[in-house]
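**Q** The structure follows.
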Amino acid sequence: MPDTTAGTTTGGAVGPACTARIPGKLYLAGEYAVTVPGRAALVVAVDRFVTVRAQLTDSPRGRFTTAGAAPLVWRQHNNVPVIDSGGGDFWSHCIHAHRVVEAWRVHNGVPAATYDVTVTSDLVDKATGRKYGLGSSAAVTCAVIAAIAGVYGLPADPVTLYKLAMLATVMDSPATSGGDIAASSAGGYVHYRSPDRQWIARQRLVKPLHTRVAELVSARWPGLSITPVTAAGRLRILPGWTGSPAVTDTMLGTPARTPFPDSLLDRSDGLVETMAAMVAGQQPADGVGEVVAGLREVLSTVAAVRTTTIVTPRLAQLIDCAEQLGWSAKTSGAGGGDCGIAITPFPGATADKEHELGLQWEKAGISALPVVPPEKPALPQVTYHGHGPA
1 MPDTTAGTTT GGAVGPACTA RIPGKLYLAG EYAVTVPGRA ALVVAVDRFV
51 TVRAQLTDSP RGRFTTAGAA PLVWRQHNNV PVIDSGGGDF WSHCIHAHRV
101 VEAWRVHNGV PAATYDVTVT SDLVDKATGR KYGLGSSAAV TCAVIAAIAG
151 VYGLPADPVT LYKLAMLATV MDSPATSGGD IAASSAGGYV HYRSPDRQWI
201 ARQRLVKPLH TRVAELVSAR WPGLSITPVT AAGRLRILPG WTGSPAVTDT
251 MLGTPARTPF PDSLLDRSDG LVETMAAMVA GQQPADGVGE VVAGLREVLS
301 TVAAVRTTTI VTPRLAQLID CAEQLGWSAK TSGAGGGDCG IAITPFPGAT
351 ADKEHELGLQ WEKAGISALP VVPPEKPALP QVTYHGHGPA
């Protein structure tokens, strides 16, 4: 993993710093149903991270830096962050996260400060720069918020971090369900129900976001539920990456135009509950194949309702290879590219069995990503340098 212990400065004195190491995510079940408020998904944080370090400086301007992108230069003006130069697609999530966490800082009565921010990521392929489909946008949003909040001495608990990151994300991705944000902010396995995004949008129209972020963070969000699931180590999950990125907003389509029937949503929710119970060891794991088959049927119906392609030829190969070797498999996330997952009862999944699947995938041009440890969950980490949280 890249070294992020050294901050990038703009010539001013180096002050206290905070490093946030935030995991990416995989959807195990419910990835389309959860776009409907109050409906469920099961997500898991992965053992790949975005790391953001924020470090105070006495320079009048701060910089956001990362490998492969021009720096983003900013300054404080009338208690609001202003971009002086830089930008582009890479920084869009960081800019929204920056605005939200600064608004939260104002409402906590903390004086403005200038800081440099360094971003590194394990959620992209180092050779090509392509995303693995492991929720890098959500992870970087959460990491920027956690690091800047930390450098201000404002530690954010998982639900607060989720809400701040969600407020930042809906600025340019109003269709997001937030499941990736829930996994990144809480870590481990999460049973998640999505909030009413139209309610969030209405709240933002009542007053500007920067004047009421604290009110929204403390409010009850209709439909929202974030419930950690303690894994019993009964399932082994091996993701595979096709190398073809999916555009989630495009794949999701327009929910208002093509609503899912309640019967489909109810079936999806039931399968999510069963999968969560298997993860927790409350139901026998040897029935996971039936659950995964049911989830594939749900996704097939989703594709028909939305007139879209979820299982691409490469994802079909991923599933077929896994099934031939005794695993159960499905797409993960929006489909149309990116990732699929193979699941089998553990400890029946030996290292040799996993290696064999990886070899078969490799022959099909699919990369195995062993990023879901069965025993130890991936968790967000926040480290303070030179000071502690208030």
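All letters in the sequence shown, in the order written, are residues 1 to 390 by the UniProt record's numbering.
Beta carbons are placed, not taken as given, at the ideal position from N, Cα and C, and that holds for glycine.
Might you give, ordered along the chain, the residues of its own chain that have their beta carbon closer than 6 Å to the beta carbon of S137, omitting 5 neighbours on each side?
**A** H93.
**Q** Starting from P158 and walking both ways along the alpha helix (DSSP H), at which residues does that stretch end?
**A** That run of the alpha helix (DSSP H) goes 158-169.
**Q** Spell out a yes or no on whether the segment 259-277 and the segment 291-311 are touching, meaning 3 or more CB-CB pairs, one atom from each, closer than 8 Å.
**A** The segment 259-277, when compared against the segment 291-311, does touch it at the 8 Å Cβ threshold.
**Q** Could you spell out where the beta strand (DSSP E) holding K126 opens and where it closes?
**A** Careful: K126 lies outside any beta strand (DSSP E) and carries neither H nor E.
**Q** Can you find the residues in the same chain that come closer than 7 Å, C-beta to C-beta, to L187, ignoring five residues on each side of it along the sequence?
**A** Inspection of the sequence shows that residue 187 is occupied by Gly rather than by Leu. These residues qualify, in order along the chain: P23, A45, P377, A378, L379, P380.
**Q** Relative to the C-alpha of H385, which residue among I95, P37, Q55, V140 is closest?
**A** For the residues I95, P37, Q55, V140, the minimum Cα distance to H385 belongs to Q55.
**Q** So is R220 buried or exposed if we call it buried at 16+ other beta carbons inside 10 Å?
**A** R220 should be labelled exposed.
**Q** For I319, does the three-state DSSP call read helix, strand or coil?
**A** Note: I319 maps to helix in three-state DSSP.
**Q** Run the CB neighbour count on T35, radius 10 Å, all protein chains shown included, and call it buried at 16 or more, exposed below.
**A** Label assigned to T35: buried.
**Q** Tell me, which residues are paired with residue 416 by DSSP?
**A** Because residue 416 is not part of the residues shown, which for the chain are 1 to 390, the question remains open.
**Q** Under 8 Å, with one C-beta from each stretch per pair, do the segment 217-236 and the segment 172-192 reach the 3-pair mark?
**A** Contact between the segment 217-236 and the segment 172-192 is present, because at least three Cβ pairs lie under 8 Å.
**Q** Can you check the segment 212-280 for any alpha helix (DSSP H) of at least 4 residues that lies completely inside it and give the ranges in chain order?
**A** Taking only runs of at least 4 residues, the alpha helix (DSSP H) segments lying wholly in the segment 212-280 are 248-252, 262-279.
**Q** Specify whether the segment 161-168 and the segment 96-108 touch according to this definition: at least 3 beta carbon pairs, one from each stretch, less than 8 Å apart.
**A** Cβ pair count under 8 Å is three or more, so yes.
**Q** Give me whichever residues DSSP pairs with W74 in a beta bridge.
**A** Answer by DSSP bridge pairing, in chain order: G62, I83.
**Q** Around the Cβ of A20, are there at least 16 other Cβ atoms within 10 angstroms (buried) or fewer (exposed)?
**A** By the neighbour-count rule (16 or more Cβ atoms within 10 Å), A20 is buried.
**Q** Taking the C-alpha atoms as reference points, what is the distance between T65 and D116?
**A** If you take the alpha carbons of T65 and D116, they lie about 8 Å apart.
**Q** I need the boundaries of the alpha helix (DSSP H) containing A182, first residue and last residue.
**A** Segment 179-186, the alpha helix (DSSP H) holding A182.
**Q** Could you check the C-alpha separation between S121 and S184 for me, to the nearest Å?
**A** Answer to the nearest angstrom: the Cα atoms are 13 Å apart.
**Q** Quick check on D352: buried or exposed, where buried means 16 or more other Cβ atoms within 10 Å of its Cβ?
**A** With fewer than 16 Cβ atoms within 10 Å of its Cβ, D352 is classed as exposed.
**Q** Going by C-alpha to C-alpha distance, which of A277, W327, G15, A316 sits closest to V151?
**A** V151 has its Cα closest to that of G15, out of A277, W327, G15, A316.
**Q** What's the C-alpha gap between N78 and L72?
**A** Each residue's alpha carbon lies about 19 Å from the other.
**Q** Which of helix, strand or coil does DSSP assign to T308?
**A** Three-state DSSP puts T308 in coil, outside helix and strand.
**Q** Identify whether L42 lies in helix, strand or coil by the three-state DSSP scheme.
**A** L42: strand per DSSP, three-state reduction.
**Q** Below 8 Å CB to CB, which residues in the same chain sit around Q203 once its five sequence neighbours on both sides are set aside?
**A** Closer than 8 Å at Cβ, skipping near neighbours: R212, L216, A219.
**Q** Looking only at DSSP bridge pairs, what is H107 linked to?
**A** Note: H107 sits in no beta bridge, so no partner.
**Q** Shortest alpha-carbon distance to G326 belongs to which of T308, R193, V288, G333?
**A** Nearest C-alpha to G326: V288.
**Q** Which residue from P345, L205, A368, E102 puts its Cα closest to that of A285?
**A** Answer by Cα proximity: P345.
**Q** Roughly how many angstroms lie between the CA atoms of E323 and S194, to the nearest whole one?
**A** Those two C-alpha atoms are separated by around 31 Å.
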